[in-house]
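Chains as they are written, first to last, in the working numbering: chain B, 77 to 847; chain G, 619 to 1052.
Have a look at the structure below before the remarks.
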Amino acid sequence: MRLYASATVAEVLDRLLADPAVAEAVVADRTLPARAADMRPFPDWLDAGLRSGLEGRGVTGLYSHQAEAIEALRGGRDVCIVTPTASGKSLCYDLPVLQAVAEDASTRALYLFPTKALGQDQLAGFHELADAAGIEVAAAIYDGDTPAPVRQTVRAAGQVVVTNPDMLHAAILPHHTKWFQLFEQLRYVVVDEAHTYRGVFGSHVANVLRRLLRLCAHYGSAPRIITCSATIGNPGQLAETLTGRAPVLVDRNGAPAGEKRVLILNPPVVDARLGVRASAYGLVERAAVTFLRADRQTIVFGRSRTSVELLLTRLREALREGRGPVGRVRGYRGGYLPSERRAIEHGLRSGDVLGVVSTNALELGIDIGRLDAAVLAGYPGSIAATWQQIGRAGRRRELSAAVLVATSGPVDQYVATHPDVLFEASPEEARLDPENLHVLLAHLRAAAFELPFEPGERFGAAPADDLLAFLGEDGHVRQAADGRWYWASENFPASEISLRVASPGNVLIIDTGGDRPRVVGEVDLFSAPTLVHEGAIYLHESRQYHVDRLDWDERKAYVRPVDVDHFTQAELAVTLKPLEAFASDAVPGGERVHGEVMVSSLATIYKKLRLESLENLGWGRIHLPELELHTTAYWVAVDPAAVAGWRRDELDVALVGAGRALQTVASVLLMSDPRDLGLVSQVRSPHAERPVVYLYDGVPGGVGLAARLFERHAELVAGARDLVADCPCDAGCPACTGPRLESGGEGKRLASRLLALLSGARADIAGAPAA
Amino acid sequence: MTHELARVSSSVPGMDRDPTLLARRLERLRALDRRLVTAAELPPPARRTAAGADPGARAAHLAAGLGGTVEEGSGGPVVVVERATPLPMTLDGLARLPYPVDMERPLVYLDTETTGLGSAAGTLAFLVGIGRWDGASFCVRQLVLPDHADEPALLAALEAEIPADACLVTYNGRAFDWPLLVARYRLHRRPPPVTAGHLDLLPIARQLWRHRLPDARLASVEAGVAGVRRHGDLPGALIPERYFAWLRTGRAALLADVLAHNREDVVSLGRLLGEMSERLADPERRRSAHPGDVASLARVFQRDGRQDEALACYAEALAAWDEREPAPTRLDRDTLAAEAARLLSRTGRHAEAEAAWRALADRGGSTAVWAWIALAKHREHRARDSAGAMEAALRALRIVERRRAVGIPLRAAERDLARRLARLHRRARARRLT
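In structure tokens form, the structure reads like this:
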């Protein structure tokens, strides 16, 4: 058999499934049907230049979602567009903006992208379309790299300003008097990649948009907001929470697509008792090499920078052994020079680059054309991200393929044993909470700085007076004789807020590895003891850093880049005190509660764990002060009568095991990192005087995770019960209730019992000894 | 498929049911925050004396406390404090100086006091001092903001103070005061006042006087140039807090120092113009001026393209340094002489230039290197004296080599000489061959 003959995707799949090692690992094999294009004619009102410009580029009509979006905007509505990558989404906003500029040159538009690279990519596309349409339009990027003289021009004359939320927050809004032409004439605000605005970042961005709209109202403009999101569970709600206004939801993709086959592979169990599985890399390599040898364009997604490099090396070696297309396989990740990245993107579009191994950097909307196959080394952490990555493979007409290989991590194993989660369940919801008191108060200060508040004026959900009075206690805001609230301080409140972290007092992360020390990022105070303690491996943009020194008083962590095969995990001694229940409700086996809690945490030790196998490589002590976190939590209080007769130690093991499973399922349901949710269990809560499992939001004030868990309690408990029941281990493993050694071998049995009780099984059955 | 969305409820379940919940959450936050911020960092709590009080009464109270009046303008009442200071001076000379000031237009001296630095939207001017000189005395009208709410009235009153043909005179007003005021007009959606010109004395003071002053603050410049020293002047950094304290407490006396400081600043603008006019504009009077100031003026004239006046000032400054009082350092003096010589060459006065370079060359020192190089250039290209040019270049080389030997290489001169000597040697060889 010739190894390198070009073959179709169907042939490659046959070849791949003929391999017993692959065939045995298949836990799901689904075919997604082909979809025809749903085309609409150009609307009559479309500018003639735009029309001929599009026709000149071979575009003869609009996809249905594009047509729906621009008609809704034409009708004066906000829109939220939800379509996969490479479906012509940019046209949904570029077209109305160019039309508006063609009709009235004084029109302004603001484009927001979460990263600079995306902004540049989109601006290039915008200019191409404008040139083709023969429309003169001043469109420019305004970000931290924009030189001072250019800034002035952009402020005064930029018709389309491309920026990011951080820049809008810190440089544009507080200086709105210099941008009055923009604010007076703002017609469209584009919020692209909106699904990235979740959690703390999303809560901040929602408040930045509130400030933006408040200033627009002051200057007499009423812009339409165009939100674009990847496919998530609640795009319309996300857009509404972000912008505070209900958009028209456009979520039926009119772009054509060929048939797609999706395989999920779970590597074989190596040690059943401990629940240890073989590495995912072997199967990833096998799948990728088979596609590449058949001359099929393939993208491989790794979860970290290290795994990208590792996979790239393995693929190149495997291809070299049989003289394969080694040089046509490239790596792509943060840290590569922009010019390198552009070259790889171009190579992918032209076909010169056959394979690329990437971090999730290529998950967002950068244009790399359409490929034959996507291989995912590990579950990307959310259903939405999985579909984004799978969506990178997909020809207009021919068959394409996607292969997801699970790792041995708990969330991966949940997905591998419940593949329906991926295919049947709706993707995760993006959660954010603009009403988080910490975030809200910070932006209220910034908003008062920008413009006084009228008495009774709303900021978000409610009139802001009570909150302003609260700020007034520190003297930074005052109510004047006219009843308005004015900023009365020398401080510049916007500079005190970083959109990417929850509260002030962040710890700066300083890279001392280069010629000069350089700030690479920051973490909020409450995460610092577990993320940047001395000896920690800190991950930033998929890059590993070793923390050499943490200066707690100065709030600085000194790090240097390293390349190691392990990560660190800190252990916290946590005590939790409930402060107030916002809502509670009787459920089988006890009560579910949503409320406010105070969490005191003391980082004690950290473990070094090998990246793939999670094998323990050693540990160290952490010496840092105790921290208090004031946040929101969801908790389940178990009815003491239901567990009467359980020994205290049994109950303890059951609560910990069930808690771990709940935490895993919660992170799947809520599209959050498992670390965003803290877990505390109390055999006898000093307040409720009964056994309680708490899941608390890991940032001050919370971002709405707890509230949503409260609502989805039943799903959560059922999911946790299935996770434990379906896990192939015999007595608990890291993928379900935690390693068996921690629980004396009883973890799985006891957790199952408790979860069965909570999901409504009768107590006498649940209490029966496990077989 | 296009569909409407149901309204989402408040993100915290239960929140909408209990109106006192927010109060309790804020109470807990308060307890938490107090531990994060130490008591010393907190300003005293706001007293709500202002809120609800009659705005007119507040303005009247402030006017009475500061010895001013409440004037009723188009935008409402504004507190005005007016004082006149005798200031005999002449400004006739200004027209002869290389600055964009049109004496036919009314000069409006302006200085603001603000609640912070920068011109972001949360900073406002709570006091605008406007100065006018009537030929004998200097009158300062200060517009004071009794409360945040009165800003539209203050801005309207300010419009009336600045006629469209006015030329503003400020100190750092181009970068700070005026953009800040423009920002305030933009914020209130009023067009900012139009002016015919703006003379910012900060860059001028830097050019003329910085060489002999510790810094370029207005008070320092005034002390160093006009010999006026202020007593008990309020440091600028304390001014914003004084205003916030007035807003909190209603004690007008807190602003008395601020008004005095501002009035001094406005009068200083007049004094500095007077100094420039009287000491620097007239060639006769200039003889008594500080030679360093005259040297600075020479450079200003030169930059303005007024080369005859520049050369005259160079000559005066050098003469003063050589005859009356020595220059601060020898290098200062020789650098100025070199600038003068360069300007002579550039304006085609080659004989004078050569004499000037010759004199500099004879003085030795590092400037002499460039003097010899200039002489080499002059002899090679103008006097067509290759041997003389070679000799001058070699003289320069000798100094350069000495410098290098003691570890102070003059690299630019070395490169120049290497090229120059190579060319001169080549020519000399070519001449010998023919």
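Where is the CB? At the ideal position from N, CA and C, for every residue including glycine.
If you're wondering where the values come from, they're calculated on a predicted model, not measured in any experiment.
What residues of chain B sit near residue i, judged by a beta carbon separation below 7 Å?
i: D765(G); result: A556 and A557
i: L805(G); result: T253
i: P858(G); result: E566
i: R1013(G); result: Ordered by position in chain B, no residue passes the 7 Å Cβ test against R1013(G), which lies about 43 Å from the chain.
Thinking residue i and residue j are a contact (beta carbons under 8 Å), I'd like their distance in whole angstroms, please.
i: I211(B); j: A178(B); result: 5 Å
i: L475(B); j: R337(B); result: 7 Å
i: F643(B); j: I613(B); result: 5 Å
Short check: CB of residue i to CB of residue j, under 7 Å?
i: R379(B); j: R619(B); result: no
i: P764(G); j: V697(G); result: yes
i: V237(B); j: L288(B); result: no
i: V266(B); j: Y169(B); result: yes
i: V758(G); j: R881(G); result: yes
i: G753(G); j: A899(G); result: no
i: V345(B); j: P804(B); result: yes
i: W711(B); j: V650(B); result: no
i: A331(B); j: G470(B); result: no
i: L836(G); j: H879(G); result: no
i: N790(G); j: L817(G); result: no
i: V623(B); j: V599(B); result: no
i: C292(B); j: L262(B); result: yes
i: L834(B); j: V768(B); result: no
i: A445(B); j: R425(B); result: The amino acid at residue 445(B) is misidentified as Ala; the sequence shows Gly. Against a cut-off of 7 Å, the Cβ pair of R425(B) and G445(B) comes out as a contact.
i: G601(G); j: C785(G); result: An answer regarding residue 601(G) cannot be provided, because it is not within the stretch 619 to 1052 covered by chain G.
i: A796(B); j: L753(B); result: no
Please list the partners that residue i has in chain B, where partner means a Cβ-to-Cβ separation under 9 Å.
i: G734(G); result: S565, E566, N567 and F568
i: G694(G); result: Within 9 Å Cβ-Cβ: nothing; G694(G) doesn't reach chain B, min ~11 Å.
i: R808(G); result: Ordered by position in chain B, no residue passes the 9 Å Cβ test against R808(G), which lies about 11 Å from the chain.
Chain G partners of residue i, CB-CB under 7 Å?
i: F535(B); result: Within chain G, no residue comes near F535(B); the closest Cβ sits about 13 Å away, beyond 7 Å.
i: F546(B); result: L644
i: L655(B); result: R646
i: L513(B); result: R643 and L647
Taking residue i as the query, report the chain G residues whose CB atoms sit under 9 Å from its CB, ordered along the chain.
i: D600(B); result: In chain order: nothing, as chain G lies at least about 13 Å away.
i: L781(B); result: Those within 9 Å of L781(B) in chain G number zero; the least Cβ separation is about 11 Å.
i: D874(B); result: No statement about residue 874(B) is possible, as the shown extent of chain B runs from 77 to 847 and does not include it.
i: L826(B); result: None at all; the shortest Cβ gap to chain G is about 31 Å.
How would you list, in chain order, the residues of chain B whose beta-carbon sits under 8 Å from the beta-carbon of residue i?
i: G791(G); result: Neighbours of G791(G) on chain B: none; closest Cβ ~17 Å, over 8 Å.
i: R676(G); result: A557
In chain G, which residues lie with their C-beta within 8 Å of the C-beta of residue i?
i: F367(B); result: Going along chain G, no residue has its Cβ under 8 Å from F367(B), so there is no contact; the nearest lies around 35 Å.
i: E526(B); result: A739 and G740
i: E672(B); result: R643 and R646
i: A560(B); result: The amino acid at residue 560(B) is misidentified as Ala; the sequence shows Arg. Here the neighbours are H766 and A767.
i: P250(B); result: A738, A739 and G740
Every unbroken beta strand (DSSP E) inside the stretch 531-556 of chain B [3 residues or more]: Correct list: 553-555.
Extract the residue ranges of the beta strand (DSSP E) inside the stretch 198-234 of chain B, only unbroken runs of 3 or more that lie entirely within it. 215-217
Does the count of Cβ pairs from the stretch 86-101 of chain B and the stretch 319-329 of chain B closer than 8 Å reach three? No: the two stretches stay apart, fewer than three of their Cβ pairs being nearer than 8 Å.
For the pair the stretch 716-732 of chain B and the stretch 825-837 of chain B, tell me if three or more CB-CB distances fall below 8 Å. yes
Could you name each continuous beta strand (DSSP E) segment of 3 residues or more that falls completely within the stretch 754-828 of chain B, going from the start of the chain to the end? 768-773
Those runs of the beta strand (DSSP E) which lie wholly inside the stretch 320-386 of chain B and span at least 3 residues: 324-326, 336-341, 345-347 and 374-377
At 3 residues or longer, what runs of the beta strand (DSSP E) sit wholly inside the stretch 96-173 of chain B? 102-108 and 155-158
Counting Cβ pairs closer than 8 Å, one from the stretch 496-515 of chain B and one from the stretch 205-225 of chain B, do we hit at least three? no
Answer yes if the stretch 884-901 of chain G comes into contact with the stretch 850-861 of chain G, meaning at least three C-beta pairs across the two stretches below 8 Å, and no otherwise. no
Could you name each continuous beta strand (DSSP E) segment of 3 residues or more that falls completely within the stretch 757-818 of chain G, going from the start of the chain to the end? 785-788 and 815-818
Okay, do the stretch 595-611 of chain B and the stretch 774-785 of chain B touch, 3+ Cβ pairs below 8 Å being the bar? yes
contact_flag[the stretch 919-930 of chain G, the stretch 722-738 of chain G] where n(CB pairs < 8 Å) is 3 or more: no
Complete runs of the alpha helix (DSSP H) confined to the stretch 875-950 of chain G [at least 4 residues]: Here the runs fully enclosed are 901-904, 909-921 and 925-941.
Tell me whether the stretch 352-371 of chain B and the stretch 503-523 of chain B touch, counting them as touching only if at least three CB pairs, one residue from each stretch, are closer than 8 Å. no
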